[in-house]
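Q: Pasting in a structure now, in structure tokens, and then I'll have a few things to ask.
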Amino acid sequence: MKQDAVVSNKDSIKSQEQVDSEYILRVLEKHDENHGELIAILEEIQTEYGYLPEEALRIVSDKTNRSLVDIYAVATFYRTFSLKPKGKHLVCACLGTACHVRGAPRIIEEFEQQLGIKAGQTTEDKEFTLETVNCLGACALGPVVVIDGYYFSKVKKSKVTQLLDKAIKGFDELEIGKDKRIFPVDVNCPNCNHDLKDETFEVDGCPSVKLIISLDHKEGWLRLSSLYGSCNFSTEFEIPEGKVMNFTCPHCRKKLHSTSNCSMCGAPMISMLVSGGGIVSICSRRGCKNHMLDLI
Ligand code: FES
Numbered sequence: 109m110k111q112d113a114v115v116s117n118k119d120s121i122k123s124q125e126q127v128d129s130e131y132i133l134r135v136l137e138k139h140d141e142n143h144g145e146l147i148a149i150l151e152e153i154q155t156e157y158g159y160l161p162e163e164a165l166r167i168v169s170d171k172t173n174r175s176l177v178d179i180y181a182v183a184t185f186y187r188t189f190s191l192k193p194k195g196k197h198l199v200c201a202c203l204g205t206a207c208h209v210r211g212a213p214r215i216i217e218e219f220e221q222q223l224g225i226k227a228g229q230t231t232e233d234k235e236f237t238l239e240t241v242n243c244l245g246a247c248a249l250g251p252v253v254v255i256d257g258y259y260f261s262k263v264k265k266s267k268v269t270q271l272l273d274k275a276i277k278g279f280d281e282l283e284i285g286k287d288k289r290i291f292p293v294d295v296n297c298p299n300c301n302h303d304l305k306d307e308t309f310e311v312d313g314c315p316s317v318k319l320i321i322s323l324d325h326k327e328g329w330l331r332l333s334s335l336y337g338s339c340n341f342s343t344e345f346e347i348p349e350g351k352v353m354n355f356t357c358p359h360c361r362k363k364l365h366s367t368s369n370c371s372m373c374g375a376p377m378i379s380m381l382v383s384g385g386g387i388v389s390i391c392s393r394r395g396c397k398n399h400m401l402d403l404i
């Protein structure tokens with residue numbers, strides 16, 4: 109990474125020697141000891157440390173009577189977990205076929221050159237991790253790069269410096285219709301795989317994502333924006349700020365289950381499948397804007 113653009117923040121990522129066993133014990137106390145909870149435990153530890161330190165996994169193994177091998181099997185199965193410290197900023201560049209033919213290798217080379225690392229590595233100052241993925245589900249807009257959860261489409265080599273500088277300074281507010289970080293995603297029900305798009309109802313000028321919500325014995329529809337990055341939505345009935353809703357598929361009527369809790373407010377995160385591969389998760393609490401995209 110060019111020296112003038114780096115703001116070193118070595119303290120932002122805790123090192124393995126700094127594992128706080130009391131903290132790990134508190135996380136364990138909060139969760140039951142079944143398989144589903146192990147994922148939630150690991151997610152919480154990863155959120156705290158930016159990766160899964162070996163010492164933390166040993167404590168989890170010891171206190172839950174699970175073998176370390178089992179815990180590592182879960183930790184290495186899910187792409188979301190990392191056994192190595194990651195940088196403060198995550199640059200994820202698509203190297204799928206469509207992006208590849210549109211010049212993704214040259215974009216990745218430019219990131220590698222400017223950061224002074226290879227894809228899969230983290231800069232020495234722990235500012236940036238550079239990763240590649242196989243497809244982000246938006247092939248027509250390639251080359252696609254995701255930085256700290258913000259999408260950038262049709263990325264050019266000449267824009268790489270600007271993107272890295274912006275990542276360090278922090279991305280500002282999103283502006284629908286103008287901001288390339290707002291990105292359309294098609295989502296399906298994780299139970300029946302039915303397309304959740306509703307062409308008859310628009311949010312942000314695009315077909316919405318239709319779900320059924322229930323709260324305090326009331327049930328009605330919720331239409332979410334299909335633009336990743338936008339938190340706009342419309343509901344059939346008023347939902348008080350701070351209330352946690354239950355989500356159901358309008359096609360199979362099955363509940364959308366959660367495998368993790370929101371890192372910002374602790375409410376369950378609701379997951380849907382992304383066409384082209386991946387999972388998009390949104391927080392089930394009214395008013396919490398936490399959302400995540402994990403692409404395969
Ligand atoms: S190949 Fe890059 S988004 Fe599909």
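Here the sequence shown stands for residues 109 to 404, numbered as in this note's numbering.
For glycine and all other residues, C-beta sits at the position ideal for the given N, C-alpha and C.
Please indicate yes or no: does the CB of residue 148 lie closer than 7 Å to some heavy atom of ligand 1?
A: For this step, residue 148 is matched to residue 40 along the sequence shown. Outside the cutoff, so no.
Q: Decide yes or no for the touch test of the segment 354-367 against the segment 169-184: beta carbon pairs closer than 8 Å, at least 3 of them.
A: Note that the segment 354-367 does not touch the segment 169-184; fewer than 3 beta-carbon pairs, one per stretch, sit closer than 8 Å.
Q: Can you tell me the Cα-Cα spacing of residue 127 and residue 309, whole angstroms?
A: Your numbering for residue 127 matches position 19 in the sequence shown. Your numbering for residue 309 matches position 201 in the sequence shown. Between the alpha carbons of residue 127 and residue 309 lies a distance of about 49 Å.
Q: Under a Cβ-count criterion, where at least 16 other Cβ atoms within 10 Å of its own Cβ denotes burial, should residue 143 be classed as buried or exposed?
A: In the sequence shown, residue 143 corresponds to position 35, counting from 1. Residue confidence is low: residue 143 scores 49 on pLDDT, short of 50, so the model does not pin down where it sits. Its coordinate-derived value is still stated next. It counts as exposed.
Q: Strictly closer than 5 Å from CB to any heavy atom of ligand 1: give me those residues in the order they appear in the chain.
A: 202, 204, 206, 207, 243, 244, 246, 247, 250, 252
Q: Ignoring anything shorter than 3 residues, give me the beta strand (DSSP E) runs that lie fully in the segment 251-314, in order along the chain.
A: 253-255, 258-260, 305-311
Q: Would you call the CB atoms of residue 240 and residue 230 closer than 8 Å?
A: Residue 240 sits at position 132 when you count from the first residue of the sequence shown. Residue 230 sits at position 122 when you count from the first residue of the sequence shown. Contact flag unset, no.
Q: Classify residue 208 as helix, strand or coil using the three-state DSSP reduction.
A: Residue numbering aside, residue 208 sits at position 100 when the sequence shown is read from its first letter. Correct three-state label for residue 208: helix.
Q: With H, G and I counted as helix, E and B as strand and the rest as coil, what does DSSP make of residue 166?
A: Along the sequence shown, one-based indexing puts residue 166 at 58. In the structure shown, residue 166 sits in a helix (DSSP, three-state: H, G or I).
Q: Going along the chain, which residues of its own chain have a beta-carbon closer than 8 Å to the beta-carbon of residue 343, five neighbours each way excluded?
A: For the purposes of this step, residue 343 is taken as the residue at position 235 of the sequence shown. Excluding sequence neighbours, residue 343 sits near 321, 328, 329, 330, 331.
Q: With 16 other CB atoms within 10 Å as the buried threshold, where does residue 389 fall?
A: The count along the sequence shown starts at 1 and reaches residue 389 at position 281. Residue environment for residue 389: buried (at least 16 other C-beta atoms within 10 angstroms of its C-beta).
Q: Could you tell me the distance, in whole angstroms, from the CA atom of residue 218 to the CA atom of residue 301?
A: As a working note, residue 218 is residue 110 in the sequence shown. As a working note, residue 301 is residue 193 in the sequence shown. Whole-angstrom Cα-Cα distance: 38 Å.
Q: Would you check if there are 3 or more beta carbon pairs closer than 8 Å linking the segment 152-170 to the segment 190-207?
A: yes
Q: Would you kindly work out how many angstroms separate the C-alpha atoms of residue 324 and residue 170, rounded to a whole number?
A: One-based indexing of the sequence shown puts residue 324 at position 216. One-based indexing of the sequence shown puts residue 170 at position 62. Using only the alpha carbons, I get a separation of about 40 Å.
Q: Would you call residue 226 buried or exposed, if buried means 16 or more other Cβ atoms sit within 10 Å of its Cβ?
A: If you number the sequence shown from 1, residue 226 lands on position 118. Per the 10 Å Cβ criterion, exposed.
Q: Apart from the five residues on each side of it in sequence, which residues of its chain come closer than 6 Å, Cβ to Cβ, to residue 263?
A: Within the sequence shown, numbered from 1, the residue matching residue 263 stands at position 155. Correct list, in chain order: 215, 251, 253.
Q: DSSP beta-bridge partners for residue 358?
A: Within the sequence shown, the letter at position 250 stands for residue 358. For residue 358, no pairing in a beta bridge is given by DSSP.
Q: Can you tell which of 210, 168, 243, 395 has its C-alpha closest to the C-alpha of residue 341?
A: Residue 341 sits at position 233 when you count from the first residue of the sequence shown. Nearest of 210, 168, 243, 395 to residue 341, Cα basis: 395.
Q: Exposed or buried, residue 115, counting other C-beta atoms within 10 Å across all chains shown (16 or more means buried)?
A: Here residue 115 refers to the residue found at position 7 of the sequence shown. Since pLDDT at residue 115 reaches only 28, below the 50 mark, its modelled position is unreliable, and the value read off the structure follows with that caveat. Exposed, by the Cβ-count rule.
Q: Tell me which residues share the same chain as residue 129 and place their Cβ nearer than 7 Å to its Cβ, disregarding the 5 neighbours each side in the sequence.
A: One-based indexing of the sequence shown puts residue 129 at position 21. Same-chain partners within the cutoff: 167.
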